[in-house]
Each structure stands twice: as C-alpha cells, then as structure tokens.
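The sequence shown begins at 2 in the numbering used here and counts up by one. Note that CB positions come from ideal geometry on N, CA and C, so glycine has one too. Just so we're clear, the structure is a prediction, and the values are computed from it rather than from any experiment.
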Amino acid sequence: MVERKSIKNWAEEERPREKLIFQGAKSLTASELLAILIGSGNTRKTALDVAREILDDCDNKVDNLYRLSYSDLLKYEAIGVAKAVTIVAALELSRRRELIMGEPLLKSEDIFKAIVSRVVDENQELAFAIYLNNSNVIIRIKQIGLGGIDSTLADVRVVISEALRLNACAMAFVHNHPSGNIMPSRQDDELTERLSKACSLMKIRFVDHLIISSNGKDYYSYHDKGRV
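Listed below in structure tokens is the structure:
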C-alpha cells in the first residue's frame, strides 16, 4: 500500500495555509479553505482529503455546507469534537454577515440582503426585528422568536420595548417559512397588524414585514404589496 503523503511534505505553494498567506484567501478552492478549518487529518487521509469528501457529500455546493450539523460532521474520519465545533462556528459566523453599518435600508431587497443569511436552510421558523435610526440605518438586528415548523413565537411587547430601549425611529420585521411557501398566513397578517398599530402608537415607523423562503431565494414583502 502506498503511504499517504502528509500535507507538510507538499510543496510549500501547494499547502492551503501557505497558499492563503502568500496568495490570499481568494486563491483557495472551497476544499482548501475547509481543510484549513479541519487542520489535520490522520494516517490514512489528509485534511484536504476529508474536506473533499465532505464537499462531495454536499454535491460540491458550498451552500449545502450550511445544512451540516455538529453531529453530521462527527461522522467523517479525522473529525472530532474540536474540529466539528470549529467548522460549525465558522459557518455560523459567515451566516451572520450583515449590511455595512451606515448603509440605509431603502427597499425590501435591502432588508432581505441584511437578514437572509440568518434564516436560509433553517427547518424551524425564526423571527427577527431590524431596528433603524431616522436615516433607516441599522442600529441592531435582534432575534425575537423561535418557533416550530408552522408557527413563530413573537411577542409584540418585546419587539416594541427593544425599539424604545434603542431609541429606534423605525423598524422592520422578518421571519422565514421553512415550508418554502412565502405567502402569508392568517397569523402572519394578524401579527403584521399588531406590529403596525403598536409602532404607530409609539411613533415608530414600521417599514416592512418580510417572509423569506427556506432556500433564501424568494421573499414576500407586505410593503411591496401595499399592505403596510
């Protein structure tokens, strides 16, 4: 049997870490980036071998990596608790990227881009309030609710009290539909009406309520439909 050649014995320019240092992160393939997170392999497989195996199982689509859980990663050779935690944490950080502070949210598409990474591929409903200043610039994005497959738990009092605490002048509300159907339910309509009335009472502009699909490609905007 041919002995596996360790990454340490590769030409320096071919090693993922050195390649990143000298050529920049954009020069690396997805498997090379993942291999850096994995760190090391074992006597049979290099970190790059394991990374390629994981990506193969994800149909070589980086987006599918976000579907992997901590338990899923532990099934791969050479990945233990520490490596699985590192990968999950890195993926979660990338999901939480937001619009650059100072850039106003002027339309529904801006709101969608600011939040979609937090809800894509989730199998339960999540609800977020986006608090804005007078120029529609993000002050804070706060997760408000965590529900089951068919319902979102969102307390209007919590949403409004946070807006008052932050001195927000405006806010938007966003939640996902894991079913993939972006059409609002009766409960969604009722929640939108309660939020709109509460914001009006407190002199806070309620700019929109978005419902985002499970794949993160489609959304429903109450504002665009003339319903807020």
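Sequence-distant residues of the same chain with beta carbon closer than 8 Å to residue i, five excluded per side
i: residue 95; result: 118
Contacts around residue i, its chain only, beta-carbon distance under 7 Å, and the 5 residues preceding and following it disregarded
i: residue 135; result: 170
i: residue 55; result: 35 and 77
i: residue 141; result: 132 and 167
i: residue 112; result: 106, 131, 173, 175, 209 and 211
i: residue 155; result: 128, 145, 146 and 192
C-alpha distance - residue i paired with residue j, whole-angstrom precision
i: residue 165; j: residue 18; result: 47 Å
i: residue 151; j: residue 129; result: Caution is warranted here: a pLDDT of 46 is assigned to residue 151, below 50, making its placement in the model unreliable, and no coordinate value can be reported.
i: residue 139; j: residue 106; result: 8 Å
i: residue 185; j: residue 33; result: 41 Å
i: residue 1; j: residue 221; result: In the structure as shown, the chain begins at 2 and stops at 229. Residue 1 is therefore absent and cannot be evaluated.
i: residue 160; j: residue 196; result: 8 Å
i: residue 145; j: residue 212; result: 14 Å
i: residue 80; j: residue 200; result: 49 Å
i: residue 104; j: residue 27; result: 25 Å
i: residue 57; j: residue 204; result: 52 Å
i: residue 99; j: residue 93; result: Interpretation of residue 99 is limited by its pLDDT of 48, a score under 50 that renders its predicted location unreliable; no figure is taken from the coordinates.
i: residue 88; j: residue 59; result: 15 Å
i: residue 24; j: residue 108; result: 38 Å
i: residue 223; j: residue 67; result: 28 Å
i: residue 229; j: residue 187; result: 15 Å
i: residue 42; j: residue 16; result: 13 Å
i: residue 190; j: residue 122; result: 23 Å
Three-state secondary structure assigned by DSSP to residue i
i: residue 71; result: helix
i: residue 183; result: coil
i: residue 134; result: coil
i: residue 229; result: coil
i: residue 22; result: helix
i: residue 39; result: helix
i: residue 1; result: In this structure the chain extends from 2 to 229, so residue 1 is not present and cannot be described.
i: residue 108; result: coil
Own chain, CB closer than 6 Å to residue i, minus 5 neighbours either side, in chain order
i: residue 53; result: 32
Below-8 Å beta-carbon distance, residue i vs any chain B residue
i: residue 225; result: Of the protein chains in the structure, only one exists, and it is not chain B.
Cβ separation of residue i and residue j, assumed to be a contact under 8 Å, to the nearest whole Å
i: residue 91; j: residue 74; result: Incorrect: roughly 11 Å between the Cβ atoms, too far for contact.
Would you call the segment 114-122 and the segment 213-225 touching, i.e. three or more CB-CB distances under 8 Å? With three or more CB-CB distances shorter than 8 Å, the segment 114-122 counts as touching the segment 213-225.
Counting pairs of beta carbons, one from the segment 194-209 and one from the segment 159-173, are three or more of them closer than 8 Å? They touch, by the three-pair rule.
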